[in-house]
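In our numbering, the protein residues as written are 502 to 1168. The C-beta atom is built at its ideal place from N, Cα and C for all residues, glycine as well. Here the structure is a predicted model, which means the values were calculated and not measured.
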Ligand code: AHR
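What follows is the structure in structure tokens.
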């Protein structure tokens, strides 16, 4: 070997030495965590594993989370929503004190073309109040969604558009009225414009009522047009104007959801092409939004629109996950599953250019600078900062047809090209297996779609048989967003079966990147889908045991998952357990599920964690398998918090039909 050769050789050995040393260091650091002595630092869990799915189903939006108290505020209800509905549904024409006049619904000169119907009142004679006991005048009255709930001392913000069609001003009384006729609040307004003008009044209730009405009474003769008559409690979630019902919104915030998917569900792809949810129709001033039928059998005002959804996500610290139609309608359009309806319809190819632009515009609207066309609209609505949109869902459990495939690909390619920073989520049909599921996944593999949305509603027994579903998913393929799942029912046994299933989601939090229970809300007497997370009426809400399970998993989420900490009897399919660590607090979190009807002992071994604080927190949800929370007994099943004495090794006896969360400090 020459001198030169020797030098190169020793340089080479030095280089190899450095590489080996570096590798050693990195392997060592991979194999340790501050709290683990075992050389096992656990498996990373998706930071967005547990979130929420909101769909406007079961009166979740209008009459629900959206705090508007007036039903059919813009006179846009129609027989297309429901056979027996029309522009004046939920309103009443009233002429107290022997007053008289006439009423009509007109469309010739609306506040905005998107909102064509309005009411015209011709006030011909107004009785003299002094001669009559009680009120007199010509007016209209709205009882809201099953009555208007008002609380003594609370303020309510009324607004309405009025156009004076007669020459002289008309005096109006704006009244909150109890069912017995008592006046709970009253303000006076005098019209002052022959153009549409927005009038506002603050009404403070003198007494409480659970079924009040809003009465607008003209008290002198003249002719007026009315539209968008709105009443909001002053107290909305985070005091947002055009905001959300605080108790319902808070119940969601309490879950600490990492993301919120909206606005559906089947609502997204709609019943027929004309019913697809178009995000641009749902932003801007409420009087300019396009209302439309809700395929669940009622009406969407779009008052809870894209701005409000994004704002709510921000208010609760969740990532927004909007889902846009994949340019096809729901395959069940026209009742296909029953009577062979119209099935899936696809947007004509010549409309695809505009449609793709609509998708791209959403990204600009959410994230673009205020100087951009759509970013400027976001700023004008009061949010100059970006909404930090990261994910966009395309399609909702669509039938995987050639029409779907070609359109999805067009959208996918366009978004990837212009916005590589956005992660698109594809879809794999409505079931956990079968034709659409297979085709959806094959399609995702073919086009390397980053995340695929799976949906399924099943019996609890199915959940228990499939606890290991994701253990064998190929980690090199698309990640899973389990966008909709539930076991059929809101009894404790359903919730605990879901808890066992969620252990599998945590264990597979490297491939299951997001999961959300469905549906979220259901209003009493307006429920189309029976298994739901939260039931409510105007005054109260019922948190199901399913809610408590979801909340316990979400609030006690970890960043890493550890195997072999909890030992179970392998043959017992009624038991499931996980151990995760929250790397921010350092807390180790155990979740122990017993779906059986006898107590079961689980062995916990935390020897690999350096320090364990013996003062641990213990939360247990348990009870009779068939018990459920109701409006009469909303707190029959609630998690019970207590302290627990933890040690490095202990046996824990789980109660029958229970989820136990044990949170142990390590610092
Ligand atoms: O969650 C209720 C419905 O179930 C959703 O709208 C749809 O996506 C699924 O079929």
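Chain-order list of residues whose beta-carbon lies under 7 Å from that of residue i (same chain, five-residue window excluded)
i, result
"residue 678", "684, 685, 713, 714 and 716"
"residue 529", "For residue 529, the predicted model reports a pLDDT of 30, less than 50, meaning its position is unreliable; a value from the coordinates is still stated below. Same-chain partners within the cutoff: there are none."
"residue 911", "853 and 857"
"residue 1128", "992, 993, 1137 and 1138"
Cα-Cα separation between residue i and residue j, rounded to whole angstroms
i, j, result
"residue 1022", "residue 989", "15 Å"
"residue 969", "residue 1005", "6 Å"
"residue 873", "residue 812", "20 Å"
"residue 559", "residue 926", "25 Å"
"residue 682", "residue 710", "12 Å"
"residue 524", "residue 992", "Below a pLDDT of 50, predicted positions are generally treated as unreliable, and residue 524, at 35, falls in that range; the measurement from the model is reported next regardless. Going by the C-alpha atoms only, they are around 53 Å apart."
"residue 1157", "residue 1096", "7 Å"
"residue 675", "residue 938", "55 Å"
"residue 1168", "residue 1120", "20 Å"
"residue 561", "residue 567", "8 Å"
"residue 606", "residue 748", "36 Å"
"residue 539", "residue 1066", "Reliability fails at residue 539, whose pLDDT of 41 lies under 50, so the model's placement of it is uncertain and no value is given."
"residue 1009", "residue 971", "6 Å"
"residue 940", "residue 563", "36 Å"
"residue 1033", "residue 1047", "8 Å"
"residue 531", "residue 877", "In this predicted model, residue 531 has a pLDDT of only 28, less than 50, meaning its place in the structure is not dependable; the value taken from the coordinates is given anyway. Those two C-alpha atoms are separated by around 46 Å."
"residue 537", "residue 1080", "With a pLDDT of only 45 at residue 537, under the threshold of 50, the placement of this residue in the model should not be trusted; the figure read from the coordinates follows. C-alpha separation (whole angstroms): 13 Å."
"residue 766", "residue 718", "41 Å"
"residue 1138", "residue 998", "15 Å"
"residue 1161", "residue 892", "33 Å"
"residue 1019", "residue 1000", "14 Å"
"residue 978", "residue 651", "53 Å"
Closer than 8 Å: residue i CB and nearest the ligand AHR heavy atom
i, result
"residue 898", "yes"
"residue 875", "no"
"residue 963", "no"
"residue 881", "no"
"residue 685", "no"
"residue 956", "yes"
"residue 985", "yes"
"residue 730", "no"
"residue 558", "yes"
"residue 768", "yes"
"residue 765", "yes"
"residue 1019", "yes"
"residue 931", "yes"
"residue 1030", "yes"
Own chain residues within Cβ distance below 6 Å of residue i, not counting five before or after
i, result
"residue 1107", "1113 and 1149"
"residue 599", "628"
"residue 976", "1012"
"residue 797", "558 and 1029"
"residue 1135", "1043"
"residue 826", "769, 770 and 777"
"residue 672", "691, 720 and 721"
"residue 930", "898, 937, 938 and 941"
From the options, residue whose alpha carbon lies closest to that of residue i
i, options, result
"residue 582", "937, 559, 693 and 801", "801"
"residue 962", "1074, 929, 1006 and 1053", "1074"
"residue 1076", "563, 785 and 1159", "1159"
"residue 1165", "1125, 1090 and 1155", "1090"
"residue 1173", "657, 645 and 720", "No answer is possible for residue 1173: it lies beyond the span of the chain, which begins at 502 and ends at 1168."
"residue 883", "741, 994 and 971", "741"
"residue 1110", "998, 1084, 1103 and 959", "1084"
"residue 864", "1137, 890 and 980", "890"
"residue 855", "779, 1046, 808 and 973", "779"
"residue 1060", "1007, 1038, 1070 and 654", "1007"
"residue 1131", "1045, 888 and 1125", "1045"
"residue 669", "704, 724 and 1062", "724"
"residue 689", "580, 659 and 973", "659"
"residue 917", "895, 900 and 932", "895"
Proximal residues to residue i (C-beta, below 8 Å), its chain only, five neighbours per side dropped
i, result
"residue 592", "573, 576, 620, 641, 642 and 643"
"residue 935", "none"
"residue 552", "758, 759, 760, 761, 762, 819, 820, 822, 1015, 1016, 1017 and 1055"
Cutoff 9 Å: residue i Cβ touching any chain D Cβ
i, result
"residue 888", "Of the protein chains in the structure, only one exists, and it is not chain D."
* To do: Tell me, please, whether the segment 842-854 touches the segment 766-784 by the rule of three or more beta-carbon pairs shorter than 8 Å.
  => Verdict: yes, contact present.
* Asked: Any contact of the segment 698-707 with the segment 737-756, i.e. 3+ C-beta pairs under 8 Å?
  -> At 8 Å Cβ cutoff, the stretches do not touch.
* Should the segment 729-742 be called in touch with the segment 856-863, which here means at least 3 C-beta pairs below 8 Å? -> No, because fewer than three Cβ pairs between the segment 729-742 and the segment 856-863 fall closer than 8 Å, the two stretches do not touch.
* Asked: Does the segment 779-790 come close enough to the segment 607-618 that 3 or more CB-CB pairs lie under 8 Å?
  -> Judged by Cβ distances under 8 Å, the segment 607-618 makes contact with the segment 779-790, as three or more pairs qualify.
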